[in-house]
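Undergrad:
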Amino acid sequence: DGQCSPPPWRAAVTAQAVDAFLTSLFALAVAEFGDRPQILCAALAMRYGRLSPVIWGLGFATLCNCLISAIAGSAIHRWISEDALQLFYALSLIFAGFGMVAWRRPVDLLENWQLGPFWTSFVGLFILQFGDKGQFVLMATAARTDMGFFAAAGGWFGVMIACLPAILFYRQLTENIPMVPVRYAGGALFLLAGTILALGAWGIV
Numbered sequence: 001d002g003q004c005s006p007p008p009w010r011a012a013v014t015a016q017a018v019d020a021f022l023t024s025l026f027a028l029a030v031a032e033f034g035d036r037p038q039i040l041c042a043a044l045a046m047r048y049g050r051l052s053p054v055i056w057g058l059g060f061a062t063l064c065n066c067l068i069s070a071i072a073g074s075a076i077h078r079w080i081s082e083d084a085l086q087l088f089y090a091l092s093l094i095f096a097g098f099g100m101v102a103w104r105r106p107v108d109l110l111e112n113w114q115l116g117p118f119w120t121s122f123v124g125l126f127i128l129q130f131g132d133k134g135q136f137v138l139m140a141t142a143a144r145t146d147m148g149f150f151a152a153a154g155g156w157f158g159v160m161i162a163c164l165p166a167i168l169f170y171r172q173l174t175e176n177i178p179m180v181p182v183r184y185a186g187g188a189l190f191l192l193a194g195t196i197l198a199l200g201a202w203g204i205v
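Residue numbering for the sequence shown follows the numbering used here, starting at 1 and increasing by one per position.
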């Protein structure tokens with residue numbers, strides 16, 4: 001038919017890109033649901049009553065953190081072996097799982113901040129997300145796949161999927177969805193997946 005099939009390397013790159021995007025999207029959507037950034041988003045929406053600046057603040061704060069994680073993960077990919085990368089990814093899931101089921105201090109709702117809705121949302125959410133379990137999982141995903149751009153894009157969408165409903169439907173969300181059981185279920189899922197991957201990295205299973 002005169003058409004050439006794509007080279008194997010291109011198919012492999014495409015598969016890795018899809019893996020990085022979907023893994024980050026799913027992992028961060030689960031990790032952030034019922035967690036501190038979602039709670040802060042709902043509190044800021046209630047406080048200001050102006051949803052657009054809070055959404056923009058969330059979007060830019062999440063973008064910055066996702067890019068930082070992706071860049072760090074891509075650098076780590078060049079430093080360690082494939083088995084170590086799988087173990088690193090497994091440990092990131094276990095860390096995320098413990099973070100979801102463990103006790104956490106109450107969220108600072110930034111009631112004394114006078115920066116306005118956008119800057120309060122941007123700075124507050126950036127600080128809250130920085131170094132959190134979602135950023136760790138995204139960094140490990142970028143390291144494992146060496147697809148930092150797609151990992152960052154998937155992570156950004158995952159956080160937005162989790163946090164946008166908290167801004168748009170904050171009252172209905174807290175009243176109709178059992179947040180704590182959902183968070184515990186997500187944590188158990190991360191712990192199980194991380195344990196299986198860690199055992200695989202050690203050659204036990």
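Idealized CB from N, CA, C, for every residue including glycine.
Going by Cα to Cα distance, which pick from L191, G34, W56, Y89 is closest to T141?
TA: Mapped onto the sequence shown, residue 141 falls at position 141. For T141, the nearest C-alpha among the options comes from Y89.
Undergrad: If you drop the 5 nearest sequence neighbours on each side, which residues of the same chain put their C-beta closer than 6 Å to that of R144?
TA: On the sequence shown, position 144 is the one that residue 144 refers to. Around R144: L85, Y89.
Undergrad: On the criterion of 16 or more Cβ atoms from any shown chain inside 10 Å, does R206 qualify as buried, or is it exposed?
TA: The requested residue 206 does not occur in the structure, where the chain is confined to residues 1 to 205.
Undergrad: Taking buried to mean at least 16 other C-beta atoms within 10 Å of its own C-beta, is F130 buried or exposed?
TA: Locating residue 130 in the sequence shown gives position 130, counting from the first residue. F130 is exposed by the Cβ-count criterion.
Undergrad: Taking only the alpha-carbon atoms, compute the straight-line gap between L223 and G57 and give it to the nearest angstrom.
TA: Because the chain here runs from 1 to 205, residue 223 falls outside it and cannot be looked at.
Undergrad: Can you tell me the Cα-Cα spacing of G97 and L87, whole angstroms?
TA: Stepping through the sequence shown from its first residue, residue 97 is reached at position 97. Stepping through the sequence shown from its first residue, residue 87 is reached at position 87. In a straight line, the C-alpha of G97 is about 15 Å away from that of L87.
Undergrad: Suppose you measure from the CA of D108 to the CA of Q16; what does that come to, to the nearest Å?
TA: The sequence position of residue 108 within the sequence shown is 108, counting from 1. The sequence position of residue 16 within the sequence shown is 16, counting from 1. Roughly 38 Å separates the two Cα atoms.
Undergrad: For a test of the three-state rule: what should DSSP assign to P53, helix, strand or coil?
TA: As a working note, residue 53 is residue 53 in the sequence shown. In the structure shown, P53 sits in a helix (DSSP, three-state: H, G or I).
Undergrad: For A45, decide whether its Cβ has a neighbour in chain D, counting only Cβ atoms nearer than 8 Å.
TA: Absent here is chain D; the protein component of the structure consists of one chain.
Undergrad: Within 10 Å of its beta-carbon, does W156 have 16 or more other beta-carbons around it, so buried, or fewer, so exposed?
TA: Reading the sequence shown from its first residue, position 156 is the one you call residue 156. Buried, since its Cβ has 16 or more Cβ neighbours within 10 Å.
Undergrad: In this structure, how does DSSP classify F169 when only helix, strand and coil are distinguished?
TA: For the purposes of this step, residue 169 is identified with residue 169 of the sequence shown, where counting begins at 1. If DSSP states are grouped into helix, strand and coil, F169 belongs with coil.
Undergrad: Beta-carbon within less than 6 Å of G186's beta-carbon, same chain only, minus the 5 sequence neighbours each way: which residues are those?
TA: Your numbering for residue 186 matches position 186 in the sequence shown. Around G186: V30, M100.
Undergrad: F149 to I55, Cα distance in whole Å?
TA: Here residue 149 refers to the residue found at position 149 when the sequence shown is read from its first residue. Here residue 55 refers to the residue found at position 55 when the sequence shown is read from its first residue. So the alpha carbons of these two residues sit roughly 22 Å apart.
Undergrad: Output the boundary residues of the alpha helix (DSSP H) element that contains S121.
TA: Within the sequence shown, residue 121 is the residue found at index 121, counting from 1. Where S121 is concerned, the enclosing alpha helix (DSSP H) stretches over 117–129.
Undergrad: Measure the C-alpha to C-alpha separation of D1 and S81 and round it to an integer number of angstroms.
TA: Position 1 of the sequence shown, counted from the first residue, corresponds to residue 1. Position 81 of the sequence shown, counted from the first residue, corresponds to residue 81. Reliability fails at D1, whose pLDDT of 45 lies under 50, so the model's placement of it is uncertain and no value is given.
Undergrad: Apply the 10 Å Cβ neighbour rule to V180 and answer buried if 16 or more other Cβ atoms are within range, or exposed otherwise.
TA: Against the sequence shown, residue 180 aligns to sequence position 180. By the neighbour-count rule (16 or more Cβ atoms within 10 Å), V180 is not buried but exposed.
Undergrad: Helix, strand or coil: how does DSSP classify W156 here?
TA: Here residue 156 refers to the residue found at position 156 when the sequence shown is read from its first residue. In this structure, W156 counts as helix in the three-state DSSP scheme.
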